[in-house]
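Worksheet: the structure to be examined is printed underneath.
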Ligand code: SF4
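Residue numbers (the numbering used here): 85 to 412.
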């Protein structure tokens, strides 16, 4: 066992709290001493892929609820004013539905302040697109960050893939340099960034997906969400699926892919998600993904059997988080 391997494996009983990767749960316990509940919010946004600015059809996988993570139905969410009381358990107010920076800054300020002022929130997480972070929004985020020193503000960017051919197929609507500019601008404000990646997109080979992970290692990211492609009712992706233009992954294929991604990911990056988390009533395929607990158990079992762990095949990265406190 090399020194490098030994050090990383020490994380399993230490920083990662028994898991073979750095989960959000472990991060929260390390940082704050307790778990937190995420409350998904629908604050009435739309997105440029839906309102006609770029397109009217939305991303090919996106359900009518417009979740940046696909498949959370709008009626399962609460509005920003309806953050529930939770006893003493702290909450993460998650602005999830559609593009949650896509409104005038004054309106955003009211929404974000509502959530930040709420006595039960430990912080807010805002899902958006990298092309929806204009200067006035960045200025607002920087100001709130300086003002609310006891709460966190995270930004979640829907990247999904680095490959332009796939980006065109899914109708993402922005090019890779736009993502890079957004990450650097947010980093300059010390705002932690979480990136969403979809595994199993049509036309993508395993090596293409691993290239996306290797690429992400170059940036000062706080976290990554690795999400299984879900085919949801009412989407254009479902039409292509019905025409048998592509197949979804089997559980075995997904585990193989996911473990390879985790092994290549920087050990400092927090994994906020390792499965899909869509609305079950909308799910067409893959049906096995409905049983999230089974998927997670299978993942943990297989990682142990293979002696697999996050960063096992990590090639190193330019990871600014170690030098600048990007996790707070
Ligand atoms: S995934 Fe996000 S950017 Fe794409 S259509 Fe849905 S809400 Fe808009």
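Where a beta carbon is used, it is the ideal one built from N, C-alpha and C, also for glycine.
Keep in mind it's a predicted model, so treat the numbers as computed, not measured.
What span of residues does the alpha helix (DSSP H) with residue i cover, start to end?
i	result
residue 249	248-254
residue 337	335-348
residue 93	87-97
residue 268	260-272
residue 178	Run containing residue 178: none in the alpha helix (DSSP H); it sits in the beta strand (DSSP E), 175-179.
residue 384	376-389
residue 113	108-116
residue 309	Careful: residue 309 lies outside any alpha helix (DSSP H), inside the beta strand (DSSP E) at 307-312.
residue 189	189-201
residue 295	290-300
residue 322	320-326
residue 231	219-231
How should residue i be labelled, buried or exposed, when 16 other C-beta atoms within 10 angstroms of its C-beta is the threshold for buried?
i	result
residue 396	buried
residue 203	exposed
residue 304	buried
residue 311	buried
residue 234	exposed
residue 181	buried
residue 284	buried
residue 398	buried
residue 218	exposed
residue 371	exposed
residue 272	exposed
residue 227	exposed
Which residue marks the beginning of the beta strand (DSSP E) containing residue i, and which one marks its end?
i	result
residue 357	354-357
residue 122	121-125
residue 209	205-212
residue 280	277-283
residue 369	367-369
residue 145	Looking at the DSSP string, residue 145 is not in any beta strand (DSSP E), and its letter there is neither H nor E.
residue 236	236-244
Sorted by chain position, which residues of the same chain lie with C-beta nearer than 7 Å to residue i's C-beta, five sequence neighbours on each side aside?
i	result
residue 98	none
residue 232	200
residue 221	185, 189, 192
residue 255	133, 139, 141, 143, 144
residue 296	245, 246, 281
residue 322	315, 316, 368
residue 187	129
To which residues of the same chain is residue i closer than 6 Å at the C-beta, ignoring the five residues directly before and after it?
i	result
residue 134	142
residue 292	247
residue 193	224
residue 356	108, 278, 307, 309
residue 239	210, 270, 275, 277
residue 282	244, 311, 313
residue 351	92, 394, 395
residue 215	258, 262
Have a look at residue i and residue j and give me their C-alpha separation to the nearest angstrom.
i	j	result
residue 361	residue 376	8 Å
residue 380	residue 387	11 Å
residue 159	residue 400	The pLDDT assigned to residue 159 is 36, lower than 50, so where the model puts this residue is not dependable; a value taken from the coordinates is nonetheless given after this. Answer to the nearest angstrom: the Cα atoms are 43 Å apart.
residue 109	residue 119	6 Å
residue 237	residue 196	9 Å
residue 86	residue 92	10 Å
residue 378	residue 211	27 Å
residue 229	residue 206	13 Å
residue 366	residue 320	13 Å
residue 102	residue 241	28 Å
residue 333	residue 339	9 Å
residue 173	residue 122	11 Å
residue 250	residue 89	34 Å
residue 412	residue 106	Below a pLDDT of 50, predicted positions are generally treated as unreliable, and residue 412, at 32, falls in that range; no measurement from the model is reported.
residue 294	residue 353	15 Å
residue 347	residue 299	14 Å
residue 394	residue 100	10 Å
residue 268	residue 175	27 Å
residue 94	residue 337	28 Å
residue 374	residue 358	14 Å
residue 104	residue 263	29 Å
residue 48	residue 115	As displayed, the chain neither begins before 85 nor continues past 412, which places residue 48 out of reach and without an answer.
residue 131	residue 208	20 Å
residue 96	residue 345	17 Å
residue 183	residue 328	30 Å
Ordered along the chain, which non-local residues of its own chain (more than five positions away) have a Cβ less than 8 Å from that of residue i?
i	result
residue 330	286, 287, 324
residue 343	383, 386, 387, 390, 392
residue 318	147, 148, 366
residue 117	none
Could you tell me how far apart the beta carbons of residue i and residue j are, in whole angstroms, since I believe they sit closer than 8 Å?
i	j	result
residue 258	residue 213	7 Å
residue 243	residue 277	The pair is not a contact, with the Cβ atoms about 10 Å apart (cut-off 8 Å).
residue 315	residue 369	5 Å
residue 349	residue 301	7 Å
residue 178	residue 112	The pair is not a contact, with the Cβ atoms about 14 Å apart (cut-off 8 Å).
residue 341	residue 290	6 Å
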